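The block underneath contains the structure these notes are about, expressed in structure tokens.
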Amino acid sequence: MNQLDFYRGKKVLVTGHTGFKGTWLCKMLVMAGAEVTGYSLNPPTSPSLFALSHMEEQMHSMIGDVRDLAHLKQVMEQTQPEIVLHLAAQPIVRDSYKDPVYTYETNVMGTVNILECIRQTNCVRSFLNVTTDKVYHNNEWEWGYRETDPLDGYDPYSNSKSCSELVTHSYKNSFFADGSVAISTARAGNVIGGGDFANDRIIPDCIRAASEKKSIGVRNPHSTRPFQHVLEPLCAYLMIAQKQYEDGSYAGYYNVGPDDKDCVTTGELVELFCQSWGEGQTWENHFVGGPHEANFLKLDCSKIKHTFGWKPVWGVKEAIEKTVEWSKAWLAGADINDVMQQQILDFVNGCCGCKG
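Using this note's numbering, count along the sequence shown one by one with no gaps and you end on 464.
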């Protein structure tokens with residue numbers, strides 16, 4: 109883990125630490141030697157990666173709601189983090205249609221609250237707000253969105269994340285213009301990887317079907333998304349937080365996504381999954397309409413590549429293979445902590461963007 113030596117001994121607060129991405133991120137930080145505190149609701153799924161990996165025993169896990177400003181402030185004052193990585197969110201598009209108020213409360217006011225806590229304390233030097241590629245006004249065009257393109261997510265989830273970006277911009281300009289805290293946002297594409305048990309996501313649906321030896325139903329096989337392994341954006345988040353900690357001029361807004369060749373349709377993704385899983389696995393087109401979701405979405409990641417020399421490590425085929433590897437290990441009763449640790453080492457050893 110030499111590439112992440114910067115984090116050794118650093119005090120880091122991760123919101124949303126019990127979720128899929130949050131658990132992988134905390135595992136990376138623990139392996140790097142950081143002093144990690146997590147603030148989140150209980151794991152959102154059962155089973156959960158957080159429980160399977162026994163992360164609660166490896167870090168300071170605080171159960172709380174980012175909508176609770178008083179409790180969040182108390183935790184901030186107690187732990188005195190130098191770096192804050194904000195992942196807590198209601199992340200499911202279809203769930204945002206079912207409960208838009210909760211989605212906006214969590215994704216917008218949660219961001220207000222974490223920034224307000226940072227404003228009222230003097231310990232934080234680097235803050236990264238993790239949003240999504242869906243913050244952009246989607247014209248369904250064939251080229252990638254750049255950080256300068258308009259923000260205007262369509263559905264309540266996407267729009268709440270656009271609002272979260274605007275909140276971050278306002279706090280940055282209003283309270284941290286002196287550079288006392290380096291602030292960035294990172295807009296990542298769709299992530300896949302072992303341990304995602306969420307509802308209404310394509311790879312968890314694939315794994316559930318395959319483990320039950322059923323054909324996979326795909327509701328929109330023609331939609332194009334920037335799929336990437338979960339470790340890709342996490343490594344980028346850690347890199348951005350480090351670089352702006354060391355030099356505030358790096359603070360800004362960054363897209364994090366795969367190369368164009370790895371932006372595939374959902375149908376192509378599922379076909380890759382079936383090939384990697386083997387055992388005669390099949391899938392079916394179950395398109396029946398439903399709430400609006402973008403059909404074509406791609407990011408232009410030139411900025412992060414030019415600024416930091418960052419580039420993806422695993423293509424979409426490798427990402428699927430690593431996800432299948434993890435899932436079959438879990439189904440076979442393997443030690444999940446060991447599986448995660450090995451995949452992180454495999455990834456970080458090839459991740460030039462994580463080097464100091």
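Note that beta-carbon positions come from the ideal geometry of N, C-alpha and C, so glycine has one too.
All values reported here derive from a predicted model rather than from experimental measurement.
{"Item": "Any chance the region 373 to 391 sits against the region 417 to 435, with 3 or more Cβ pairs inside 8 Å?", "Value": "yes"}
{"Item": "Mind checking P155: buried by the 16 CB within 10 Å criterion, or exposed?", "Value": "exposed"}
{"Item": "Going along the chain, which residues of its own chain have a beta-carbon closer than 7 Å to the beta-carbon of C231, five neighbours each way excluded?", "Value": "Q188, P189 and E190"}
{"Item": "Taking the straight line between their C-alpha atoms, what separation do you get for W249 and G141?", "Value": "43 Å"}
{"Item": "Where L407 and Y262 are concerned, what is the direct C-alpha to C-alpha distance, given to the nearest angstrom?", "Value": "17 Å"}
{"Item": "Take the Cβ of P420 as the centre, count every other Cβ of all protein chains shown within 10 Å, and call the residue buried at 16 or more, exposed below.", "Value": "buried"}
{"Item": "Does at least one heavy atom of the ligand GTP sit under 7 Å from the Cβ of E273?", "Value": "The ligand content of the structure shown is nil, which means the ligand GTP is not present either."}
{"Item": "Which value, in whole angstroms, describes the spacing of the CA atoms of Q451 and K430?", "Value": "8 Å"}
{"Item": "Below 7 Å CB to CB, which residues in the same chain sit around P151 once its five sequence neighbours on both sides are set aside?", "Value": "T126, F158 and A159"}
{"Item": "Would you mind working out which of P208, S282 and T256 sits nearest V220, comparing C-alpha positions?", "Value": "S282"}
{"Item": "Using only the alpha-carbon positions, how far apart do Y361 and K321 sit?", "Value": "43 Å"}
{"Item": "So what does S292 bridge to, in DSSP terms?", "Value": "L236"}
{"Item": "Nearest-angstrom Cα distance between A178 and M217?", "Value": "13 Å"}
{"Item": "Buried or exposed: which applies to W251, given that a residue is buried once 16 or more other Cβ atoms fall within 10 Å of its Cβ?", "Value": "exposed"}
{"Item": "Compare the Cα-Cα distances from T123 to each of W434, Y279, V238 and D286 and report the closest residue.", "Value": "V238"}
{"Item": "I'd like to know whether the C-beta atoms of K135 and M448 end up nearer to each other than 8 Å.", "Value": "yes"}
{"Item": "Would you list the one or two residues that DSSP bridges to E143?", "Value": "K119"}
{"Item": "Cα-Cα, which of D443, A317 and C409 is closest to G388?", "Value": "A317"}
{"Item": "Rounded to whole angstroms, what is the Cα-Cα separation between N307 and N215?", "Value": "19 Å"}
{"Item": "Secondary structure at F404, three-state DSSP: helix, strand or coil?", "Value": "strand"}
{"Item": "Can the beta-carbon of T153 be found less than 8 Å from the beta-carbon of F305?", "Value": "yes"}
{"Item": "In angstroms, rounded to a whole number, what distance separates the CA positions of L180 and E143?", "Value": "18 Å"}
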